[in-house]
Each structure stands twice: as structure tokens, then as C-alpha cells.
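Quick notes on the structure that follows.
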DNA sequence: AATTCGGGGAT
DNA sequence: ATCCCAGAATT
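In my numbering, the protein residues as written are 18 to 350.
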């Protein structure tokens, strides 16, 4: 069999088994490149199931590029809170204004032009070309890495570049949107990390990993160690029952979100360790470290940080918070 | 080339 | 607990 037959069999499988998704139109490109762009940014490093609700709320509040460009970053972050990687929300907002100001409100269909825009990298540029403009670009995400590594039986740690070279040779010159959707759906629903259902896979008879019974060992991924960090969080409560919160910097961890003031244990503390009353702790697992914050309640009419503001519990919903801080909020109610 | 960015669902 | 998911930007 030739490579043409591989892509044909995959497209045939997709026509019958591909997922129906709000940001997808099977059989052709999506009519709204804006919707494709938003969905692609949201889907980075997360799952379809997680994004569905966020995408629905987003398109209701910001139906068009213009609506998004006119909104405040604060409101964009409110829509994004809980999704993680908050720099994406900032970049998406930046990008919307650039598109309105310099691109006549149109999302480019040229890959190199897309790569110039904030928040759009190699994968997303290709995916917008495929899904919004039906171009025959090759997309490489976690699904494609797994599918291709298994198809070719790659037993070493693979790079995205290596996968791209192999995957691009299989990419047909027509049906760009369907083919990109298909290979990703195959990885998401058939060629899964654990217990792939090879029996229904259109590429089963060509798959080297299956032939050698190595699907549970491919792809080879190296995993970094996750360290644990500690700190103290201060619930500073005034006579009116309001709590002190502050906005995090525009860069770095949880950028742009609000928080109750806290510091790592290896940094200068805002109060002495014994001050206030212990109020338990919260733990949270980030991608690259685990964090435990011991909580202490302080009665004070003034903030220990210059940018702190006092907010009543009933008004906290107006501020974007991380999931970590939502855990703290849940404790004070 | 490595590290830094969140969060949740499945196992 | 561990894995990993439609990655990009920074160092």
C-alpha cells in the first residue's frame, strides 16, 4: 500500500467516526476563522471536554473579533479563569487588537503571517490554516506524535521535528481541514495513550507498534521531576469584613490574576510567622511543582502591600482568580 | 535546548 | 499518585 491509501483510509474513517465539535464543520473549512482561532488557543495543553463550556460562554460574550478587541483585559481574564496558562488570555486580547488595527479585522490565511501574531506558534498557525482555510498544512500535537510514533514503531525519544517530517509525507494535498481533524481524532479516540482500540483503527494493518506489540511502550516520553514548594498566605480582614487582595504582575505565574497576598517560604514574609491565627492550608499541583500554602488570618485595617485593596466576600466574583485562590475562597465561606 | 507557564479527567 | 491533554514564550 502507498501513503495515498493511508490518508484515504483515514479520511474515510473520519467521515463516519469523527467527532462533532462546535468549532468544526466536517467536510469543509469552518466559516468563522475567529471561532477556529479562539478554540485553538483554548485547546492548547488541555482537553476538548474542558474547553466545551469555556468556548460556549466565550462565543456568547465575545461573538466576534470586534467584541473581543473592545473588551477590557479584566473581563477577558474573568472568562478565562480556571483554564490555566493565563498568558494565553493576555495574548489573545493583544492579538485581537492587532488584528483589528493592522489586519482590517481579518485573520490571515498565510502561515508565516499567522506566526507573527502573539500566542500563535508552529502548531496553532498550521491548525488555523487547516481548519479555517482548508489548507493542506501538517499539524503536530500530542495526538499526532503518538499516532505517528506508533505507526513507524519509533522506540526512541522523538522530537516534534522528526514527527513533522514523517507526518507531512502522509498529509494529502486536498481536504486539509478533514485530514487534520481526522489524525487528531484518531489519537484522541482510538490510538489512545492507554489501551488503544487497534481493532477499529484504519491504520491498524500498517502500524509497526501494533505489529510488534509495543503500543504500551511507544511513544517514549521523558518525564521531569516535580518538586514541592511551600509558603504562607495571609487573609487580612478589616473591621468591615473585607479581605485584602492584590493583582499579580503581568508576567510569570498566574499573571494578571488576583490573589490573597502570599509569599514563598524562602522569601521575606509579609508578617512574622507567629502573627495572626492559623487557618489550615491549601495545596495545589502545577505542571512543574507542588505548592502548599499555610493560611493565617490577620486583623488589620491596612494592607501590608502597597497595591492591596480590601474587597467584601460578596464582591470577589468581580475579580479573576486562579483555581488555587478559589480553594482559599471556598474556605472562607 | 531547557525551562516556565494550569488545570482537570482518567487510571 | 501518575499521566497527559489541539503548545507558546522565554531563557
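Using N, Cα and C, we set each Cβ at its ideal position, and we do this for glycine too.
In this text the structure is predicted, and so the values were computed from the model without any measurement.
The beta carbons of residue 55 and residue 141 sit no closer together than 8 Å.
Distance between residue 118 and residue 234, taken at the CA atoms: about 49 Å.
The beta carbon of residue 259 lies closer than 7 Å to those of 327, 328 and 329 in the same chain, with the five residues before and after it left out.
Sixteen is the threshold: when 16 or more other Cβ atoms of the shown chains lie within 10 Å of the Cβ of residue 24, as they do, the residue is buried. With fewer than 16 other Cβ atoms from the protein chains shown falling within 10 Å of its own Cβ, residue 281 counts as exposed.
Secondary structure within the stretch 58 to 92: the alpha helix (DSSP H) runs of 4 or more consecutive residues, fully enclosed, are 65 to 78 and 82 to 87 (chain order). Checking the DSSP bridge columns, you'll see residue 108 has no partner listed. Taking residue 91 as the centre and dropping the five residues before and after it, the same chain places no C-beta closer than 6 Å to its C-beta. Counting along the chain, the unbroken alpha helix (DSSP H) around residue 345 starts and ends at 340 to 348. Residue nearest to residue 171 within the set 149, 157 and 227 is 227 (criterion: CA-CA distance).
The DSSP assignment places 128 to 131 and 139 to 150 as complete runs of the alpha helix (DSSP H) inside the stretch 118 to 166, in order along the chain (cut-off: 4 residues).
DSSP places residue 263 inside the beta strand (DSSP E), whose first and last residues are 260 to 264. Contact between the stretch 206 to 224 and the stretch 129 to 145 is absent: fewer than three C-beta pairs spanning the two stretches fall below 8 Å. Around the C-beta of residue 241, fewer than 16 other C-beta atoms lie within 10 Å, and the residue is accordingly described as exposed. Here residue 126 is not near residue 148, since their CB atoms are 8 Å or more apart. In its own chain, leaving out the 5 sequence neighbours on each side, no residue places its CB closer than 7 Å to the CB of residue 66. Straight across, the Cα-Cα distance linking residue 261 with residue 321 is about 9 Å. For residue 250, the enclosing beta strand (DSSP E) begins and ends at 244 to 254. Annotation: residue 38 to residue 316 spans about 50 Å, alpha carbon to alpha carbon. Residue 32 carries a helical assignment under DSSP once its states are collapsed to helix, strand and coil. Proximity to residue 112 across 129, 96, 97 and 82 peaks at 82, based on C-alpha coordinates. About 23 Å separates the Cβ atoms of residue 31 and residue 182, ruling out a contact at the 8 Å cut-off. Assigned with DSSP and collapsed to three states, residue 336 falls in coil, not helix or strand.
Looking at the backbone, the Cα of residue 43 and that of residue 319 are separated by about 58 Å. When C-alpha distances from residue 64 are compared across 47, 101 and 178, the shortest belongs to 101. In this structure, the beta-carbon distance from residue 299 to residue 287 does not fall below 8 Å. Sequence-distant Cβ neighbours of residue 164 in its own chain, meaning closer than 7 Å and more than five residues away, are 200, 203, 204 and 208. Put simply, of 267, 191 and 158 the residue whose alpha carbon is nearest the alpha carbon of residue 179 is 158. Proximity to residue 342 across 97, 219, 301 and 325 peaks at 301, based on C-alpha coordinates. Rounded to whole angstroms, the gap between the alpha carbons of residue 62 and residue 254 is 37 Å.
Of the candidates 216, 223 and 60, the residue whose Cα lies closest to the Cα of residue 187 is 223. The alpha helix (DSSP H) runs of length 4 or more contained entirely in the stretch 172 to 213 are, from start to end of the chain, 177 to 187 and 193 to 206.
For residue 316, the uninterrupted beta strand (DSSP E) segment begins and ends at 306 to 316.
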